[in-house]
Amino acid sequence: MAACCLDKGSAVRRREREGTKLRAGRRRKQPERLGPGGGPGGDGPGSPATPASFLASASAAEKSLRLAFMEELMTRARGGDVAGVSEVIYDMIAAGLSPGPRSFHGLVVSHVLNGDVEGAMHSLRRELSAGLRPVHETFISLIRLFGSKGYSRRGMEILAAMEKLNYDIRQAWVILVEELVRSKHLEDANDVFLKGGKNGLRATDELYDFLIQEDCKVGDHSNALEICYEMEAAGRMATTFHFNCLLSVQATCGIPEIAFATFENMEFGEDYMKPDTESYNWVIQAYTRAESYDRVQDVAELLGMMVEDHKRLQPNVKTYALLVECFTKYCVMREAIRHFRALQNFEGGTKVLHNEGNFGDPLSLYLRALCREGRIVELLEALEAMAKDNQPIPPRAMILSRKYRTLVSSWIEPLQEEAELGYEIDYIARYEAEGGLTGERKRWVPRRGKTPLDPDVAGFIYSNPMETSFKQRCLEDWRMHHRKLLKTLLYEGLAVLGDASEYDYIRVEERLRKTIKGPDQNVLKPKAASKMTVSELKEELEAQDLPTDGTRNVLYQRVQKARRINRSRGRPLWVPPVEEEEEEVDEELDELISRIKLEEGNTEFWKRRFLGEGMDRSQGKTIEVEQVEVSDLMDDVDAAEDAVKDVEDEEGDEEEEVEQTETEIPDGERVKYKEAEAKKPLQMIGVQLLKDSDQTTTSTKKSRRKVSRASVEDDKDEDWFPLDIFEAFKELRERKVFDVSDMYTIADAWGWTWERELKSRPPQRWSQEWEVELAIKTMQKVIELGGQPTIGDCAMILRAAIRAPLPSAFLKILQTTHSLGYVLGRIGCCGSHCCRHGDRWNHGA
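Residues in the sequence shown are numbered consecutively from 0, following numbering that gives the first Met the number 0.
This is the structure in structure tokens:
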């Protein structure tokens with residue numbers, strides 16, 4: 000019988016013959032049913048449970064035979080062959096060998112590998128009925144099986160049985176919890192873990208981490224926090240990893256204050272729990288995706304804390320993507336552009352920003368916001384970054400405005416009144432389609448005291464803001480650049496122009512002021528008809544194709560009637576054309592302006608300035624004559640700067656006296672005063688730094704005025720500060736309230752090498768030709784990324800090329816239009832958005 004179960008080899012047959020000789024002796028000496036070590040029925044003389052007397056009587060032949068059976072049994076058990084294991088056990092009995100705990104262990108293992116719960120339990124009962132004590136590995140195998148099946152109750156019963164047999168159940172308990180977690184029975188795993196913890200079992204560090212992480216992945220914050228408490232009670236403190244797991248749940252609950260409270264505990268805790276980049280990411284995400292109110296200021300504060308800690312941690316691709324999403328949603332596009340440029344340094348950064356279209360599709364929001372503000376140069380940068388990352392353009396990014404103009408054309412200067420759709424709109428049907436009958440139709444309601452969110456956010460889709468054209472954006476950038484130049488000129492004085500005269504200084508200043516002010520933006524209104532001459536009345540009537548015969552009274556009545564009709568129909572009133580004055584080009588003046596160097600972001604320059612290098616003491620003494628001019632300029636330039644506000648407040652009481660003094664100063668002497676006055680804002684920066692330090696007391700603006708006036712009389716006052724700029728900087732260095740090593744920007748901290756170059760580059764002036772070139776590039780890039788410009792887009796670009804005029808672009812535009820399957824006809828080339836519906840309104844067919 001044994002020969003049919005074992006291999007057909009001579010060695011096995013020889014062992015079987017040797018086993019037959021031992022049968023008589025085996026029958027005469029029966030083993031005990033159950034001993035303290037499993038009795039003589041153990042699985043071999045090497046078993047620790049085998050008595051010493053039995054070991055002495057066992058022969059070498061029996062040992063080798065039992066070893067052969069056990070090798071065969073375990074081989075079949077590892078393969079999950081239940082029938083083969085049973086046959087080997089029967090052969091052992093036939094050969095006179097009693098199966099012991101390890102034989103039954105092989106039988107249980109074979110059932111476990113097949114996932115047979117009932118078979119494994121039947122084998123265990125059979126072993127117990129034979130009076131044997133199962134080995135520890137048998138219980139471990141059953142624990143793994145019950146854990147993988149999610150049978151937590153049966154697993155607890157096995158643990159209780161192990162405890163009765165005086166086995167250490169800690170390892171089995173850990174394995175049961177791990178298997179329950181892996182089989183997605185997290186709630187049962189938490190119950191088993193907490194019951195074991197209350198009974199004094201201590202988990203491994205890996206189990207604590209694994210269970211906390213898995214609980215936080217499914218959003219079970221309560222159990223994760225309770226396990227953290229159990230871990231700390233066991234003597235292991237929570238680290239940055241555990242706090243980040245808790246932050247991952249708190250960041251998605253919609254209440255960012257909870258996440259920030261946890262973040263503060265990390266910030267002021269021990270070194271092993273300090274926040275890392277992931278911690279910042281979770282809190283930034285909590286503020287960014289909160290739906291309550293504007294959180295951009297909170298994110299800015301977090302950003303400042305992260306920059307201050309730049310020596311310990313640096314942002315990653317997720318940090319930049321979240322910051323771009325935040326600043327885009329809250330319409331702070333300058334900061335969004337800065338962080339998007341940093342995001343381009345990471346491969347696949349646009350894919351992370353897109354995030355598969357989740358959370359409002361931040362990539363589409365960013366592209367549409369750029370287009371809405373007329374920032375097409377930055378839009379092309381974004382499209383090129385998407386092409387580098389193989390990120391196709393999302394369909395949502397193409398639809399932008401209510402006039403059916405898309406990403407390709409919405410920023411081009413629009414017509415005064417765009418054409419109608421070309422077909423009748425059923426407003427009742429549209430109202431019903433939007434959910435008007437069921438109450439699901441979304442309405443836009445501005446939040447009280449807050450700037451509305453981006454129109455793409457749910458609830459704002461029915462009120463898109465008015466787009467800014469590319470021409471307007473270029474003009475605004477041009478003015479802002481000249482504001483900075485004028486501020487630098489006033490701060491630095493005549494020395495910034497190099498070898499120039501006082502007259503040149505005045506000319507440059509007047510030119511910069513004129514550029515900042517821009518042309519008169521007064522809305523042209525028609526002259527009152529009663530004050531118009533006969534020729535003026537005839538000119539207005541003739542321009543509107545109305546009869547011009549009759550007396551002055553008849554012409555007057557006719558003009559009045561025409562104006563009433565235009566007003567009732569919503570048409571603009573006719574005004575005589577005004578020729579725009581061509582700006583005179585003064586190359587000498589432009590060369591002088593180009594000498595003014597902006598030192599934005601140049602930390603080394605300001606460090607040298609703080610140390611007193613690069614400043615000329617002979618520029619004159621400080622006087623207070625031109626303060627009104629400087630404060631007036633600051634009102635126009637940038638009223639938000641704190642230093643300038645302090646200057647305005649301190650000199651506000653002396654405004655009348657300054658005005659009288661200013662009128663008495665001739666133009667030739669004005670430059671000298673400006674050179675001396677140039678030091679005041681720098682001095683005020685020093686004062687502000689001193690006031691912000693911990694060594695000074697806080698005070699209101701009025702009290703600051705009183706202190707500054709009384710400082711001359713009382714030098715012992717704690718707010719005393721020297722008026723001379725060199726002495727002020729020296730005093731700052733001696734008091735050690737500010738150090739040169741503390742002077743750095745976000746570009747220095749995070750390695751934005753490109754920012755200084757961009758800031759020093761003057762903006763390019765708008766031209767119709769440049770606008771057409773950018774439009775063609777945008778259209779081609781959008782097509783390359785899988786977008787579909789509309790026929791209205793093509794018509795808009797063609798109209799802009801005709802306005803330029805730029806005949807060389809006509810052919811390229813028409814080729815692209817025909818490659819898209821559009822045909823521009825008599826009406827289509829007008830650039831109206833009605834051409835978007837080419838299938839319903841085929842003009843040129």
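The beta carbon of each residue, even a glycine, is placed where N, CA and C say it ideally should be.
**Asked** When the Cα of residue 154 is compared with those of 576, 164 and 143, which residue comes out closest?
**Response** As a first step, residue 154 must be located in the sequence shown, where it is residue number 155. When each option's Cα is compared against that of residue 154, the closest is 143.
**Request:** Compare the Cα-Cα distances from residue 177 to each of 147, 219, 475 and 246 and report the closest residue.
**Result:** Along the sequence shown, read from residue 1 onward, the residue named residue 177 stands at position 178. Nearest Cα to residue 177 within the set 147, 219, 475 and 246: 147.
**Message:** By the three-class DSSP mapping on this structure, what secondary structure does residue 532 have?
**Reply:** Working through the sequence shown from its first residue, we reach residue 532 at position 533. Here residue 532 sits in coil by DSSP.
**Item:** Opposing strand residues paired with residue 405 [DSSP bridges]
**Value:** For the purposes of this step, residue 405 is taken as residue 406 along the sequence shown, with counting starting at 1. Beta-bridge partners assigned by DSSP to residue 405: 398.
**Request:** To the nearest angstrom, report how far apart residue 355 and residue 611 are at their CA atoms.
**Result:** Translated into positions along the sequence shown, residue 355 becomes position 356. Translated into positions along the sequence shown, residue 611 becomes position 612. Each residue's alpha carbon lies about 53 Å from the other.
**Request:** Quick one: using the 10 Å Cβ neighbour count with 16 as the cut-off for buried, is residue 198 buried or exposed?
**Result:** By one-based count along the sequence shown, residue 198 stands at place 199. Counting Cβ neighbours within 10 Å, residue 198 comes out exposed, since fewer than 16 surround it.
**Message:** Among the candidates 398, 293, 782 and 319, whose CA atom is the shortest distance from the CA of residue 909?
**Reply:** One cannot answer for residue 909 here, as it falls past the ends of the chain, which runs 0 to 844.
**Request:** Look at the Cβ atom of residue 340, then the Cβ atom of residue 753, and state whether they are nearer than 8 Å.
**Result:** Counted from its first residue, the sequence shown places residue 340 at position 341. Counted from its first residue, the sequence shown places residue 753 at position 754. In this structure, residue 340 lies near residue 753, with their beta-carbon atoms less than 8 Å apart.
**Message:** Output needed for residue 285: all residues of its chain with C-beta closer than 6 Å, excluding positions within five of it in sequence on either side, in chain order.
**Reply:** Taking the sequence shown and counting its residues from 1, one reaches residue 285 at position 286. Result list for residue 285: 250, 255 and 258, in chain order.
**Prompt:** Whole alpha helix (DSSP H) runs in the stretch 782-824 with 4 or more residues, listed along the chain?
**Reply:** Counting only runs of 4 or more, we get 790-802 and 809-818.
**Message:** Could you tell me the alpha carbon to alpha carbon distance between residue 110 and residue 315, rounded to whole angstroms?
**Reply:** For the purposes of this step, residue 110 is identified with residue 111 of the sequence shown, where counting begins at 1. For the purposes of this step, residue 315 is identified with residue 316 of the sequence shown, where counting begins at 1. Spanning the two alpha carbons is a distance of roughly 49 Å.
**Message:** Quick check on the burial criterion: 16 or more other C-beta atoms within 10 angstroms. Buried or exposed for residue 725?
**Reply:** Residue 725 sits at position 726 when you count from the first residue of the sequence shown. Exposed, by the Cβ-count rule.
**Rounded separation between residue 559 and residue 528 - CA only** = Stepping through the sequence shown from its first residue, residue 559 is reached at position 560. Stepping through the sequence shown from its first residue, residue 528 is reached at position 529. The alpha-carbon atoms of residue 559 and residue 528 are separated by roughly 7 Å.
**Prompt:** Could you check where the alpha helix (DSSP H) with residue 161 kicks off and where it finishes?
**Reply:** Here residue 161 is taken as the residue at index 162 of the sequence shown, counted from 1. Unbroken alpha helix (DSSP H) run through residue 161: 151-163.
**Request:** Would you kindly report the start and end of the unbroken alpha helix (DSSP H) that includes residue 544?
**Result:** To locate residue 544, count along the sequence shown from 1; it is residue 545. Taken as a continuous stretch (DSSP letters only), residue 544 belongs to no alpha helix (DSSP H), as it is neither H nor E.
**Asked** Going by other Cβ atoms of all chains shown within 10 Å of its Cβ, with 16 needed for buried, is residue 786 buried or exposed?
**Response** Within the sequence shown, numbered from 1, the residue matching residue 786 stands at position 787. Counting Cβ neighbours within 10 Å, residue 786 comes out buried, since at least 16 surround it.
**Request:** Tell me whether residue 510 sits in a helix, a strand or coil according to DSSP, three-state version.
**Result:** Here the question's residue 510 lines up with position 511 in the sequence shown. Residue 510: helix per DSSP, three-state reduction.
**Prompt:** Does DSSP put residue 69 in a helix, in a strand, or in coil?
**Reply:** Along the sequence shown, read from residue 1 onward, the residue named residue 69 stands at position 70. In the displayed model, residue 69 falls within a helix according to three-state DSSP.
**Message:** For residue 808 and residue 775, which I take to be in contact (beta-carbon distance under 8 Å), what is that distance rounded to the nearest angstrom?
**Reply:** Counted from its first residue, the sequence shown places residue 808 at position 809. Counted from its first residue, the sequence shown places residue 775 at position 776. Taking 8 Å as the upper bound for CB-CB distance, residue 808 and residue 775 are in contact here, some 6 Å apart.
**Prompt:** Taking residue 471 as the reference, which of 236, 106, 816 and 770 has the closest Cα?
**Reply:** Indexing the sequence shown from 1 puts residue 471 at position 472. Here the closest residue by C-alpha is 770.
**Asked** Do residue 218 and residue 182 come within 8 Å of each other at the CB atom, strictly closer than that value?
**Response** Here residue 182 refers to the residue found at position 183 when the sequence shown is read from its first residue. Here residue 218 refers to the residue found at position 219 when the sequence shown is read from its first residue. In this structure, residue 182 keeps its C-beta atom at 8 Å or more from the C-beta atom of residue 218.
**Prompt:** Is it right to say residue 852 is buried, meaning 16 or more other beta carbons lie within 10 angstroms of its own, or is it exposed?
**Reply:** The shown model of the chain, from 0 to 844, leaves out residue 852, and the question about it has no answer.
**Asked** Nearest to residue 134 by CA position, among 113, 99, 128 and 275, is which residue?
**Response** By one-based count along the sequence shown, residue 134 stands at place 135. Minimum Cα-Cα distance from residue 134 among the listed residues 113, 99, 128 and 275 corresponds to 99.
**Prompt:** Does at least one heavy atom of the ligand SAM sit under 7 Å from the Cβ of residue 737?
**Reply:** For the structure depicted, the ligand SAM is absent and the ligand set is empty, with no information on it obtainable.
**Prompt:** Three or more C-beta pairs closer than 8 Å, one from the stretch 812-821 and one from the stretch 785-800: is that the case here?
**Reply:** Using a Cβ-Cβ distance cut-off of 8 Å, the stretch 812-821 and the stretch 785-800 are in contact, since at least three pairs of beta carbons, one from each stretch, lie closer than that value.
**Item:** Neighbourhood of residue 106 by C-beta distance below 6 Å, restricted to the same chain and skipping five residues each side
**Value:** The residue given as residue 106 occupies position 107 in the sequence shown. Result list for residue 106: 84 and 122, in chain order.
**Item:** Cβ neighbours of residue 212 in the same chain (closer than 7 Å, five flanking residues each side left out)
**Value:** Mapped onto the sequence shown, residue 212 falls at position 213. Only 244 meet the Cβ criterion.
**Item:** Own chain partners of residue 547 with C-beta closer than 6 Å, once the 5 adjacent residues on each side are dropped
**Value:** Within the sequence shown, numbered from 1, the residue matching residue 547 stands at position 548. Contacts found: 537, 540 and 541.
**Request:** Compute the beta-carbon to beta-carbon distance between residue 207 and residue 230, rounded to the nearest angstrom, for a pair I have assumed lies under 8 Å.
**Result:** For this step, residue 207 is matched to residue 208 along the sequence shown. For this step, residue 230 is matched to residue 231 along the sequence shown. The Cβ separation is near 5 Å, so the contact holds.
**Message:** Tell me the rounded alpha-carbon separation between residue 781 and residue 407.
**Reply:** The sequence position of residue 781 within the sequence shown is 782, counting from 1. The sequence position of residue 407 within the sequence shown is 408, counting from 1. Distance between the alpha carbons of residue 781 and residue 407: 8 Å.
**Prompt:** Do you know offhand how far residue 817's Cα is from residue 409's?
**Reply:** On the sequence shown, position 818 is the one that residue 817 refers to. On the sequence shown, position 410 is the one that residue 409 refers to. The alpha-carbon of residue 817 is positioned some 21 Å away from that of residue 409.
**Request:** Check whether the Cβ atoms of residue 392 and residue 468 sit closer than 8 Å, and answer yes or no.
**Result:** The residue labelled residue 392 in the question sits at position 393 within the sequence shown. The residue labelled residue 468 in the question sits at position 469 within the sequence shown. Contact: no.
**Request:** Using only alpha-carbon positions, find the residue among 589, 535 and 483 that is nearest to residue 599.
**Result:** Along the sequence shown, read from residue 1 onward, the residue named residue 599 stands at position 600. For the residues 589, 535 and 483, the minimum Cα distance to residue 599 belongs to 483.
**Asked** Would a C-beta distance cut-off of 8 Å place residue 762 and residue 573 closer than the cut-off?
**Response** Residue 762 sits at position 763 when you count from the first residue of the sequence shown. Residue 573 sits at position 574 when you count from the first residue of the sequence shown. No. Outside cutoff.
**Prompt:** At what residues does the alpha helix (DSSP H) containing residue 271 begin and finish?
**Reply:** Your numbering for residue 271 matches position 272 in the sequence shown. Boundaries cannot be given for residue 271, as no alpha helix (DSSP H) includes it and DSSP labels it neither H nor E.
**Asked** Would you say residue 342 faces chain D, with C-beta separation under 8 Å as the test?
**Response** In the structure shown, chain D does not exist; there is a single protein chain.
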